[in-house]
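Visitor:
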C-alpha cells in the first residue's frame, strides 16, 4: 500500500539505477567474496585512484568546520573556476554533481508536456529527470554507437525546451567534434537550450576542435556541464559545475537545494584546481589503460567502438544477458544495458587484467 498520494508521474517512473558494488553482486549471486581471488568494481565509471595528496590534505583541514554550513553559492569556487576557464564568474554555476545541475535545468525549464530531446542510449539520469518534471522524452537512436545530429535537429519541435548531448556519450564512449555541435545549433531555435554534458571530457584524446564554451558568444543557448567526480577522483563529494549565459545561471540558482555543495566538496575542488597538473598524470595513466583494454578486446575479436572516456562499451546485443551475470559471478562487476551491451569502467591494471581474463574465458 502506498501512503499518501504521490504525483502520478513519480509513481509511474523507474528510479535511477546505480552501478552495483562487488558486495551487492556477491549477495545477489550467492558467492563468497573471500573465495573470489580477485574482484573488480567496474560499474560506476569511478576513478580507481584516490585524489592527489594536496586535495586529501585540504579535505582533512576543512573537516574541523563541518559543524557550519558552507557557502550556498560556492562563490570562491565559482571565482576560481572562472579564472581557470577564462570566463566571468557570473557565467559559472555550481551544484551537487553535474547531474544535480542537470536536474536544476530540468526543474527550471521543463513544464509538464514539454519535450526533451536526446540521443539514446545515453546517461540514464536523463529519462529520470524527464519523468520528475512531467516532460516528454524524445529519444533519438544512435547510429553506429554515435550521435545522428541531423536526426536530433529534426526531432526538435515547437514543444521542445532542452536538447541534451553527453559528449563523450555514456555508455558508448564516442565523442563528436565542435563543428557538428555548431551545425546543430544553427538548426535549433535560440529559445531551446542545448546542454552539452562533458563529464568525461578530460579523457578525450581525439581532436574535438575548440572548446564548446567558445560557441557561447554566438549561441547563448549553449550550456556546458562538467564534474570533479571522474578525472579528479572526487565522486563521493559531488562537485559539478556548469558554464552558461548569466541569465541561465541566475534562473537555475533559484532551484539549487540550500547548501547542496557542501563545505568539504568546495575545499577539495579548490585544491583540485590547483593540483590539476598532478591529476593529469593519473588521467594519462587511465587513458593508457583504456587504450590497452580496447586493443586487447579487439585483438580477441570483440567489437569495440571508439572509446573517449574512462570506460569501454561492448555492444553484445542478445549475449548481454548471458555475459553480464557470468562476469558478476566471478567478481567482475560491470554495468549492464539489457539487450544492448555492457559498459566497463577502466580500473587499475590488475582490475583490467581480471576483466580481460574472465571475459576471455567466457568467449
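Residue numbers (my numbering): -15 to 347.
Note that CB positions come from ideal geometry on N, CA and C, so glycine has one too.
1. Would you call residue 325 buried or exposed, if buried means 16 or more other Cβ atoms sit within 10 Å of its Cβ?
2. Excluding the 5 residues preceding and the 5 following residue 45 in the sequence, name in chain order all residues of the same chain whose CB lies nearer than 8 Å to its CB.
3. Going by C-alpha to C-alpha distance, which of 121, 157 and 134 sits closest to residue 348?
4. Under 7 Å, do residue 23 and residue 3 count as touching if we go by C-beta distance?
5. Which parts of the stretch 26 to 68 are runs of the alpha helix (DSSP H), unbroken and 4 residues or longer, counting only runs that do not cross its ends?
6. I need the boundaries of the alpha helix (DSSP H) containing residue 13, first residue and last residue.
7. Between the C-alpha atoms of residue 226 and residue 77, what's the straight-line distance to the nearest angstrom?
8. For residue 380 and residue 257, I'd like the C-alpha separation in whole angstroms.
9. What do you reckon, is the C-beta of residue 14 under 6 Å from a heavy atom of the ligand SAH?
10. Give the straight-line distance between the Cα atoms of residue 216 and residue 188, rounded to the nearest whole angstrom.
11. May I ask which residues mark the beginning and end of the beta strand (DSSP E) holding residue 123?
12. Do residue 319 and residue 327 have their C-beta atoms closer together than 7 Å?
13. Going by C-alpha distance, which of -12, 1, -10 and 36 is nearest residue 265?
14. Ignore the nearest five residues each way along the sequence and tell me which others in residue 130's own chain have a CB closer than 6 Å to its CB.
15. Contact between the stretch 103 to 111 and the stretch 147 to 155: three or more CB pairs below 8 Å?
16. Measuring straight from C-alpha to C-alpha, what distance separates residue 182 and residue 330?
17. Counting contacts by CB-CB distance shorter than 7 Å, is residue 166 in contact with chain C?
18. Report the option in -6, -9 and 31 whose CA atom is closest to the CA atom of residue 295.
19. List the endpoints of the continuous alpha helix (DSSP H) containing residue 248.
20. Where are the beta strand (DSSP E) runs, 3 residues long or more, that stay fully inside the stretch 269 to 340, in chain order?
21. Are residue 180 and residue 208 close, meaning C-beta to C-beta below 7 Å?
22. If contacts are defined as beta-carbon pairs under 8 Å, then residue 74 and residue 230 qualify, I think. What distance do you get, rounded to the angstrom?
23. What does the alpha-carbon distance come out to for the pair residue -1 and residue 302?
24. Pull up the distance between the alpha-carbon of residue 14 and that of residue 8, whole angstroms please.
25. Could you tell me which residues DSSP puts in a beta bridge with residue 181?
26. Closer than 8 Å is the cut-off here; do at least three beta carbon pairs connect the stretch 159 to 178 with the stretch 136 to 149?
27. Count the other C-beta atoms from every protein chain shown that fall within 10 angstroms of the C-beta of residue 289, then say buried if there are 16 or more, exposed otherwise.
28. Return helix, strand or coil for residue 227, following the three-state DSSP convention.
29. Tell me the DSSP secondary structure of residue 136 in three-state form.
30. Is the distance from the Cβ of residue 80 to the Cβ of residue 222 below 7 Å?
31. For residue 281, which residues from the same chain have a beta carbon less than 6 Å from its beta carbon, with the 5 sequence-adjacent residues on both sides left out?
32. Name the DSSP bridge partner or partners of residue 24?
33. Out of 58, 126, 116 and 53, which has the shortest C-alpha to C-alpha gap to residue -4?
34. Taking the DSSP output, what are the residues bridged to residue 102?
35. Kindly indicate which three-state DSSP category residue 92 falls into: helix, strand or coil?
Guide: Reading from the atomic positions:
1. Your numbering for residue 325 matches position 341 in the chain shown. Residue 325 comes out buried.
2. Counting from one through the chain shown, the residue named residue 45 turns up at place 61. Closer than 8 Å at Cβ, skipping near neighbours: 251.
3. In the structure as shown, the chain starts at -15 and stops at 347, and residue 348 therefore has no counterpart that could be examined.
4. Here residue 23 is taken as the residue at index 39 of the chain shown, counted from 1. Here residue 3 is taken as the residue at index 19 of the chain shown, counted from 1. Annotated as distal: residue 23 and residue 3, with beta-carbon spacing of 7 Å or more.
5. With a minimum length of 4 residues, the continuous alpha helix (DSSP H) runs that stay inside the stretch 26 to 68 are 37 to 46.
6. Taking the chain shown and counting its residues from 1, one reaches residue 13 at position 29. Unbroken alpha helix (DSSP H) run through residue 13: 6 to 13.
7. Reading the chain shown from its first residue, position 242 is the one you call residue 226. Reading the chain shown from its first residue, position 93 is the one you call residue 77. Using only the alpha carbons, I get a separation of about 5 Å.
8. Here the chain has residues from -15 to 347 only, and residue 380 is not among them.
9. For the ligand SAH, the structure offers nothing, since it holds no ligand at all.
10. Looking up residue 216 in the chain shown gives position 232. Looking up residue 188 in the chain shown gives position 204. Linking residue 216 to residue 188 through their CA atoms gives a straight-line distance of about 15 Å.
11. Locating residue 123 in the chain shown gives position 139, counting from the first residue. If you look at residue 123, you'll find it in the beta strand (DSSP E) that goes 120 to 125.
12. As a working mapping, residue 319 is identified with position 335 in the chain shown. As a working mapping, residue 327 is identified with position 343 in the chain shown. It is a contact, given that the beta carbons lie within the stated cut-off.
13. Position 281 of the chain shown, counting from 1, holds the residue named residue 265. Closest in C-alpha terms to residue 265, from the list -12, 1, -10 and 36, comes 36.
14. For the purposes of this step, residue 130 is taken as the residue at position 146 of the chain shown. Answer for residue 130: 158, listed in chain order.
15. Contact between the stretch 103 to 111 and the stretch 147 to 155 is present, because at least three Cβ pairs lie under 8 Å.
16. Here residue 182 corresponds to residue number 198 of the chain shown, with the count starting at 1. Here residue 330 corresponds to residue number 346 of the chain shown, with the count starting at 1. Here the C-alpha atom of residue 182 lies approximately 18 Å from the C-alpha atom of residue 330.
17. This model lacks chain C altogether, as it is built from one protein chain only.
18. Position 311 of the chain shown, counting from 1, holds the residue named residue 295. With distances taken between Cα atoms, residue 295 lies closest to 31.
19. As a first step, residue 248 must be located in the chain shown, where it is residue number 264. In the DSSP assignment, residue 248 falls within the alpha helix (DSSP H) that extends over 247 to 258.
20. You should have 295 to 298, 319 to 321 and 325 to 329.
21. Position 196 of the chain shown holds residue 180. Position 224 of the chain shown holds residue 208. Contact: yes.
22. As a first step, residue 74 is located in the chain shown; it is residue number 90 there, counting from the start. As a first step, residue 230 is located in the chain shown; it is residue number 246 there, counting from the start. About 4 Å separates the two Cβ atoms, so the contact holds.
23. If you number the chain shown from 1, residue -1 lands on position 15. If you number the chain shown from 1, residue 302 lands on position 318. If you take the alpha carbons of residue -1 and residue 302, they lie about 24 Å apart.
24. Your numbering for residue 14 matches position 30 in the chain shown. Your numbering for residue 8 matches position 24 in the chain shown. The alpha-carbon of residue 14 is positioned some 10 Å away from that of residue 8.
25. On the chain shown, position 197 is the one that residue 181 refers to. In the DSSP assignment, the residues bridged to residue 181 are 150 and 209.
26. Contact holds between the stretch 159 to 178 and the stretch 136 to 149, because three or more Cβ pairs, one in each stretch, are under 8 Å apart.
27. Along the chain shown, read from residue 1 onward, the residue named residue 289 stands at position 305. Under the 10 Å beta carbon count, residue 289 is surrounded by 16 or more other beta carbons and is classified as buried.
28. Reading the chain shown from its first residue, position 243 is the one you call residue 227. Residue state, collapsed to three classes: strand.
29. Taking the first residue of the chain shown as 1, we reach residue 136 at position 152. Note: residue 136 maps to helix in three-state DSSP.
30. Residue mapping note: residue 80 aligns to position 96 of the chain shown, counting from 1. Residue mapping note: residue 222 aligns to position 238 of the chain shown, counting from 1. Against a cut-off of 7 Å, the Cβ pair of residue 222 and residue 80 comes out as a contact.
31. Within the chain shown, numbered from 1, the residue matching residue 281 stands at position 297. Excluding its 5 nearest sequence neighbours in each direction, residue 281 has C-beta neighbours in its own chain below 6 Å: 288, listed in chain order.
32. Translated into the one-based positions of the chain shown, residue 24 becomes position 40. According to DSSP, residue 24 bridges with 316.
33. For this step, residue -4 is matched to residue 12 along the chain shown. Nearest option by C-alpha distance: 116.
34. Numbered from its first residue, the chain shown carries residue 102 at position 118. For residue 102, which the question treats as bridged, DSSP gives the partners 123.
35. The residue you call residue 92 lines up with position 108 of the chain shown. The answer is helix: DSSP assigns residue 92 an H, G or I state.
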